[in-house]
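Engineer: Protein chains in written order, with the numbering used here: chain C, 6 to 417; chain Z, 6 to 417.
Protein chains: 2
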Amino acid sequence: MISLADQKRRIEQGKLTPEGALAESLAAIDKHEADIKAFVTRAKNPKAQAQGPLAGIAVGIKDIIDTADLPTEMGAPSIYKGNQPRADAPIVMQLKLAGATVAGKTTTTAFAANDPTPTLNPRNRAHTPGGSSSGSAAAVGAGMLPLAVGTQTGGSVIRPASFCGVAAIKPSYRLLPPVGVKCFSWTLDTVGLFAAGVEDVAIALSVITGRSELNAAEMTSPRIGVVTQDFAGPPEAGGAEALQHAARAAAKAGASVRELKMPDIVAEAWKIHNVVQQFEAHQAFAWEYRQNYDIFPPMLRRRMDDSRQYTAADYDAARIVAVKARAALSEIFKDIDVLLALSAPGVPPKGLDSTGDPRYNALWTLMGTPCVNVPAYIADGNLPVGVQTIADYGDDAKAIAAARFMERALKS
Amino acid sequence: MISLADQKRRIEQGKLTPEGALAESLAAIDKHEADIKAFVTRAKNPKAQAQGPLAGIAVGIKDIIDTADLPTEMGAPSIYKGNQPRADAPIVMQLKLAGATVAGKTTTTAFAANDPTPTLNPRNRAHTPGGSSSGSAAAVGAGMLPLAVGTQTGGSVIRPASFCGVAAIKPSYRLLPPVGVKCFSWTLDTVGLFAAGVEDVAIALSVITGRSELNAAEMTSPRIGVVTQDFAGPPEAGGAEALQHAARAAAKAGASVRELKMPDIVAEAWKIHNVVQQFEAHQAFAWEYRQNYDIFPPMLRRRMDDSRQYTAADYDAARIVAVKARAALSEIFKDIDVLLALSAPGVPPKGLDSTGDPRYNALWTLMGTPCVNVPAYIADGNLPVGVQTIADYGDDAKAIAAARFMERALKS
Numbered sequence: 006m007i008s009l010a011d012q013k014r015r016i017e018q019g020k021l022t023p024e025g026a027l028a029e030s031l032a033a034i035d036k037h038e039a040d041i042k043a044f045v046t047r048a049k050n051p052k053a054q055a056q057g058p059l060a061g062i063a064v065g066i067k068d069i070i071d072t073a074d075l076p077t078e079m080g081a082p083s084i085y086k087g088n089q090p091r092a093d094a095p096i097v098m099q100l101k102l103a104g105a106t107v108a109g110k111t112t113t114t115a116f117a118a119n120d121p122t123p124t125l126n127p128r129n130r131a132h133t134p135g136g137s138s139s140g141s142a143a144a145v146g147a148g149m150l151p152l153a154v155g156t157q158t159g160g161s162v163i164r165p166a167s168f169c170g171v172a173a174i175k176p177s178y179r180l181l182p183p184v185g186v187k188c189f190s191w192t193l194d195t196v197g198l199f200a201a202g203v204e205d206v207a208i209a210l211s212v213i214t215g216r217s218e219l220n221a222a223e224m225t226s227p228r229i230g231v232v233t234q235d236f237a238g239p240p241e242a243g244g245a246e247a248l249q250h251a252a253r254a255a256a257k258a259g260a261s262v263r264e265l266k267m268p269d270i271v272a273e274a275w276k277i278h279n280v281v282q283q284f285e286a287h288q289a290f291a292w293e294y295r296q297n298y299d300i301f302p303p304m305l306r307r308r309m310d311d312s313r314q315y316t317a318a319d320y321d322a323a324r325i326v327a328v329k330a331r332a333a334l335s336e337i338f339k340d341i342d343v344l345l346a347l348s349a350p351g352v353p354p355k356g357l358d359s360t361g362d363p364r365y366n367a368l369w370t371l372m373g374t375p376c377v378n379v380p381a382y383i384a385d386g387n388l389p390v391g392v393q394t395i396a397d398y399g400d401d402a403k404a405i406a407a408a409r410f411m412e413r414a415l416k417s
Numbered sequence: 006m007i008s009l010a011d012q013k014r015r016i017e018q019g020k021l022t023p024e025g026a027l028a029e030s031l032a033a034i035d036k037h038e039a040d041i042k043a044f045v046t047r048a049k050n051p052k053a054q055a056q057g058p059l060a061g062i063a064v065g066i067k068d069i070i071d072t073a074d075l076p077t078e079m080g081a082p083s084i085y086k087g088n089q090p091r092a093d094a095p096i097v098m099q100l101k102l103a104g105a106t107v108a109g110k111t112t113t114t115a116f117a118a119n120d121p122t123p124t125l126n127p128r129n130r131a132h133t134p135g136g137s138s139s140g141s142a143a144a145v146g147a148g149m150l151p152l153a154v155g156t157q158t159g160g161s162v163i164r165p166a167s168f169c170g171v172a173a174i175k176p177s178y179r180l181l182p183p184v185g186v187k188c189f190s191w192t193l194d195t196v197g198l199f200a201a202g203v204e205d206v207a208i209a210l211s212v213i214t215g216r217s218e219l220n221a222a223e224m225t226s227p228r229i230g231v232v233t234q235d236f237a238g239p240p241e242a243g244g245a246e247a248l249q250h251a252a253r254a255a256a257k258a259g260a261s262v263r264e265l266k267m268p269d270i271v272a273e274a275w276k277i278h279n280v281v282q283q284f285e286a287h288q289a290f291a292w293e294y295r296q297n298y299d300i301f302p303p304m305l306r307r308r309m310d311d312s313r314q315y316t317a318a319d320y321d322a323a324r325i326v327a328v329k330a331r332a333a334l335s336e337i338f339k340d341i342d343v344l345l346a347l348s349a350p351g352v353p354p355k356g357l358d359s360t361g362d363p364r365y366n367a368l369w370t371l372m373g374t375p376c377v378n379v380p381a382y383i384a385d386g387n388l389p390v391g392v393q394t395i396a397d398y399g400d401d402a403k404a405i406a407a408a409r410f411m412e413r414a415l416k417s
């Protein structure tokens with residue numbers, strides 16, 4: 006994989022120019038893209054910027070995010086073929102202002118929901134790369150890009166990161182601006198980042214947001230609460246081993262590790278994520294679903310058909326549960342630094358019919374808490390499983406610092 | 006003015022067809038638009054729908070809201086001339102699904118901020134109609150439309166409603182979906198509605214959201230806390246009289262009325278509205294402001310230039326104040342039903358150089374509370390001043406029920 010931190014260091018040491026760094030990424034894309042199919046559109050004649058903390062860094066933008074120079078087809082060309090926004094989304098401008106170069110638009114499941122893309126998993130091409138941010142995760146995993154942008158409404162950043170064996174952050178809700186991004190659910194949609202390792206993610210998030218504290222050093226002796234997420238069902242093959250392996254590695258590296266059961270209200274919140282998401286989705290996708298029903302992406306259409314029964318009262322009740330659960334969860338962080346949980350139930354499923362199950366992600370999206378994926382375990386078939394460090398809302402620096410700890414613990 | 010409730014009743018009684026209702030609005034637009042200049046674009050051959058609770062109701066859509074059939078120029082044709090979104094925004098779809106007919110796009114200050122439109126105040130054409138939802142307020146005030154959609158980030162729904170002498174609601178934050186609407190500040194942007202009277206607003210909001218309780222009957226003997234908003238400075242000419250007049254009318258009509266001082270934290274929240282708004286605006290308008298600086302609307306550009314100093318730390322501190330203030334304000338609503346406050350410091354200012362001062366609105370936008378404007382007083386020169394009923398977050402039905410009480414109290 007291409008490390009953003011490494012490219013940046015070489016540029017700072019005068020061993021690499023921004024043009025040279027960008028050329029490394031473009032050459033890698035030329036080499037791997039035909040196999041992996043991570044891009045919807047590639048930028049024409051991308052140029053490195055001379056200045057900026059991300060000068061020379063090639064970035065991929067999930068194709069539900071507006072770009073002024075490239076079409077934005079939402080993973081739904083049946084409806085959005087050739088759609089050309091006038092403006093760049095704020096996250097795209099933040100990257101450009103930091104010096105990065107947009108290398109292209111990466112594949113997304115239709116409207117960042119269910120219908121899969123043709124993208125293959127770079128670790129094992131017979132398996133899904135996950136979704137909805139399929140192309141961003143796969144492009145980083147295949148060593149084509151040092152940085153890519155995705156979004157998570159259910160589990161669309163952390164799960165594909167787990168499946169592709171890359172680092173990623175789903176930051177606190179709205180730390181990165183959710184603007185110029187096709188809306189699925191305004192309560193849930195969260196912009197996130199993929200990169201080779203946690204330091205790479207941390208540098209990018211830090212310079213994009215102008216928050217230097219987010220480039221956090223590794224935490225020493227973190228207090229870790231392991232969450233098995235049994236409220237969301239048991240793990241699959243590879244999952245249980247991965248979590249045990251990560252917890253043991255953490256303890257061995259000096260963390261204080263104990264298993265934590267979530268309060269009932271938090272488990273209840275997991276159950277109502279879908280009510281919030283789908284009630285809002287029926288509004289957010291109203292034009293597409295109601296005016297373009299026949300050409301609406303079929304898997305998402307079925308999901309929309311199956312969720313028409315939710316009423317405003319259901320939605321209000323769900324939001325009250327979410328508010329209570331956020332408060333209860335915040336209490337837990339008084340005694341621990343981070344939670345540690347599986348990023349996905351197990352290894353990436355075989356085939357491209359499904360992008361996998363977001364059941365170990367949906368709660369944390371609803372809670373708005375920062376989550377950082379760390380590759381933890383490689384199961385048979387070169388199939389990765391990740392764990393996520395989860396900190397209190399707004400404490401992204403702690404989630405990152407603990408993820409750096411976990412990353413080292415898992416390597417040693 | 007054209008009353009939505011009256012048109013709806015006549016249709017239900019068989020005295021009017023939806024086509025006839027729509028024709029009334031279209032004829033009124035033909036008659037007054039040349040004088041008032043409330044529209045950016047008119048729909049070509051608008052047709053009434055046969056079915057739906059808003060069949061025959063003509064609606065105006067503020068031109069920062071996406072429409073699939075009409076351009077959306079954001080009040081900034083220098084940058085967005087001819088911009089044609091692919092989709093209708095959710096609020097537009099909700100209106101169409103309820104049976105309404107889009108009559109056109111209404112004028113907005115550039116990006117719903119400062120730079121005024123050519124729209125005149127229908128009560129006195131030498132004065133501003135207010136902004137940023139200038140065209141929506143003026144079109145309803147001039148009797149051209151029974152319903153119009155606006156947005157409020159500072160005071161852009163309630164203030165123009167006050168200036169144009171119409172009813173309006175800024176609902177609880179995100180009750181109406183803030184999607185497909187040009188973003189100014191994602192923490193603040195709120196979609197709202199204008200109509201002739203409070204019942205008209207209530208019916209529209211109720212059918213759009215599928216929440217029948219929002220078509221609330223008049224409240225009897227409400228407990229009203231009068232807020233002078235002295236933390237935001239004293240009222241102007243017309244303002245002080247209007248609030249006293251409204252408070253006296255409420256007491257005479259049977260309300261329990263007392264003056265309430267806001268807790269210090271709430272007054273502090275008023276001060277930091279601008280930090281939240283401008284810190285987010287620099288992200289939301291990044292493409293327009295950074296890539297199109299020379300053609301960026303000049304008054305908003307000055308405001309952007311003057312707010313570049315806000316840091317992430319300033320923003321975080323401001324958001325903490327806002328959270329505390331929301332909690333403190335919510336406590337107040339345990340003892341009263343609604344707050345009553347001026348909707349604007351006074352009468353609409355003379356001329357079109359400014360759309361007036363949002364200082365009596367910004368706090369309530371930041372608090373996310375529902376606010377309903379009720380025309381309260383006519384000062385010399387036929388210049389209206391409104392008062393707003395303000396309820397706890399999520400209690401839009403109570404804000405409406407109390408506004409209906411105030412409307413009757415002020416008429417009798």
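Each residue gets a CB set at the ideal place from its N, CA and C atoms; glycine is no exception.
Here the structure is a predicted model, which is why all the values come from computation and not from measurement.
Helix, strand or coil: which one does DSSP assign to Z:Ser261?
Structural biologist: Residue state, collapsed to three classes: strand.
Engineer: Is C:Ser211 buried or exposed, if buried means 16 or more other CB atoms sit within 10 Å of its CB?
Structural biologist: When all chains shown are included, C:Ser211 counts as buried.
Engineer: Using Cβ-Cβ distances below 9 Å, what residues of the region 47-73 of chain C are close to chain Z?
Structural biologist: Cβ contacts with chain Z come from Asp71 and Ala73.
Engineer: In or out: Z:Asp321 buried (at least 16 other Cβ within 10 Å) or exposed?
Structural biologist: Exposed, by the Cβ-count rule.
Engineer: Please go through the region 274-321 of chain Z and give each complete alpha helix (DSSP H) segment of 4 or more residues, from N-terminal end onward.
Structural biologist: DSSP runs (the alpha helix (DSSP H)) wholly in the region 274-321 of chain Z: 291-296 and 303-310.
Engineer: Taking only beta carbons into account, state which residues of the region 283-295 of chain Z come closer than 7 Å to chain C, listed in chain order.
Structural biologist: Answer in chain order: Gln288, Ala289, Ala291, Trp292, Glu293 and Arg295.
Engineer: Looking only at its own chain, which residues have a Cβ that is under 7 Å from the Cβ of C:Ala381, when we skip the five neighbours before and after it?
Structural biologist: Hits under 7 Å: Ala247, His250, Ala251, Val390, Gly391, Val392 and Leu415.
Engineer: Alpha helix (DSSP H) containing Z:Cys169: first to last residue?
Structural biologist: Taken as a continuous stretch (DSSP letters only), the alpha helix (DSSP H) holding Z:Cys169 covers Ile163 to Cys169.
Engineer: Give a yes or no on whether the minimum CB-CB distance between Z:Gln99 and chain C is below 8 Å.
Structural biologist: Output row for Z:Gln99: interface = yes.
Engineer: Can you name the residues of chain Z whose CB is closer than 7 Å to the CB of C:Arg179?
Structural biologist: Chain Z residues near C:Arg179: Trp191.
Engineer: Quick one: grab the DSSP three-state call for Z:Val186.
Structural biologist: DSSP places Z:Val186 in strand when its eight states are reduced to three.
Engineer: Can you say whether C:Asp35 is buried or exposed, counting buried as having 16 or more other CB atoms within 10 angstroms of its CB?
Structural biologist: When all chains shown are included, C:Asp35 counts as exposed.
Engineer: Can you grab the Cα-Cα spacing for the pair C:Gln12 / C:Ala144, in whole Å?
Structural biologist: Their Cα atoms are separated by approximately 17 Å.
Engineer: Counting only beta-carbon atoms, is Z:Pro183 nearer than 8 Å to chain C?
Structural biologist: So yes, Z:Pro183 belongs to the interface.
Engineer: C:Ala221: which of C:Asn378, C:Val64 and C:Ala404 sits nearest, CA to CA?
Structural biologist: Nearest of C:Asn378, C:Val64 and C:Ala404 to C:Ala221, Cα basis: C:Ala404.
Engineer: In this structure, what does DSSP give as the bridge partners for Z:Gly65?
Structural biologist: Z:Gly65 is bridged to Z:Gly109 and Z:Ala153.
Engineer: Please name the residue, chosen from Z:Gln296, Z:His278, Z:Pro239 and Z:Val64, that lies closest to Z:Ile325 on a Cα-to-Cα basis.
Structural biologist: With distances taken between Cα atoms, Z:Ile325 lies closest to Z:His278.
Engineer: Could you tell me whether any Cβ in chain Z is nearer than 8 Å to the Cβ of C:Ala317?
Structural biologist: Output row for C:Ala317: interface = yes.
Engineer: Helix, strand or coil for C:Arg364, going by three-state DSSP, please let me know.
Structural biologist: C:Arg364 falls in the coil class under three-state DSSP.
Engineer: Check each residue of the region 84-98 of chain C: if its Cβ is closer than 7 Å to any Cβ of chain Z, include it; give the result in chain order.
Structural biologist: Here the close residues are Tyr85, Asn88, Arg91, Ala92, Asp93, Pro95 and Met98.
Engineer: Do three or more CB pairs link the region 285-296 of chain Z to the region 103-110 of chain Z at distances below 8 Å?
Structural biologist: No, the region 285-296 of chain Z does not touch the region 103-110 of chain Z.
Engineer: Report, in whole angstroms, the separation of the C-beta atoms of Z:Gly61 and Z:Val154, which I expect to be a contact under 8 Å.
Structural biologist: About 17 Å; that fails the 8 Å criterion.
Engineer: Under 8 Å by Cβ, that's how I've got C:Thr195 and C:Pro165 pegged, so tell me the actual separation to the nearest angstrom.
Structural biologist: The Cβ separation is near 14 Å, so there is no contact.
Engineer: Name the chain Z residues whose beta carbon is nearer than 9 Å to that of C:Leu102?
Structural biologist: Ordered by position in chain Z, the residues that pass the 9 Å Cβ test against C:Leu102 are Ala291 and Arg295.
Engineer: Please classify C:Pro303 as buried or exposed, where buried requires at least 16 neighbouring CB atoms within 10 angstroms.
Structural biologist: Result: exposed.
Engineer: Taking just the CA atoms, how far does Z:Glu29 sit from C:Gly135?
Structural biologist: Spanning the two alpha carbons is a distance of roughly 55 Å.
Engineer: My output table needs one value for Z:Lys175: the three-state DSSP class, helix, strand or coil.
Structural biologist: Note: Z:Lys175 maps to strand in three-state DSSP.
Engineer: Quick one: does Z:Thr124 have its CB under 8 Å from some CB of chain C?
Structural biologist: So no, Z:Thr124 is outside the interface.
Engineer: DSSP three-state call for Z:Ile16: helix, strand or coil?
Structural biologist: In this structure, Z:Ile16 counts as helix in the three-state DSSP scheme.
Engineer: Rounded to the nearest angstrom, what separates Z:Phe410 and Z:Ser226 at their Cα positions?
Structural biologist: Going from the Cα of Z:Phe410 to the Cα of Z:Ser226 covers about 8 Å.
Engineer: Considering only the alpha carbon of each residue, which of Z:Gly386, Z:Glu285, Z:Ile341 and Z:Leu388 lies closest to Z:Asp319?
Structural biologist: Ranking the options by Cα distance to Z:Asp319, first place goes to Z:Glu285.
Engineer: Of all the residues that make up the region 214-229 of chain C, which are near chain Z by a beta-carbon distance shorter than 7 Å?
Structural biologist: Going along the region 214-229 of chain C in chain order, one finds Thr214, Gly215 and Arg216 with a Cβ nearer than 7 Å to chain Z.
Engineer: If we require 4 or more residues per run, which alpha helix (DSSP H) segments fall completely within the region 76-154 of chain Z?
Structural biologist: Segments of the alpha helix (DSSP H) lying fully in the region 76-154 of chain Z: 82-85, 95-102 and 139-146.
Engineer: Suppose contacts are defined by Cβ-Cβ distances below 8 Å. Is C:Gly140 in contact with C:Thr122 by that definition?
Structural biologist: Cβ distance < 8 Å, so C:Gly140 and C:Thr122 count as in contact.
Engineer: Are Z:Gly160 and Z:Pro350 close, meaning C-beta to C-beta below 8 Å?
Structural biologist: Against a cut-off of 8 Å, the Cβ pair of Z:Pro350 and Z:Gly160 comes out as no contact.
Engineer: DSSP beta-bridge partners for C:Gly373?
Structural biologist: DSSP output for C:Gly373 lists no bridge partner at all.
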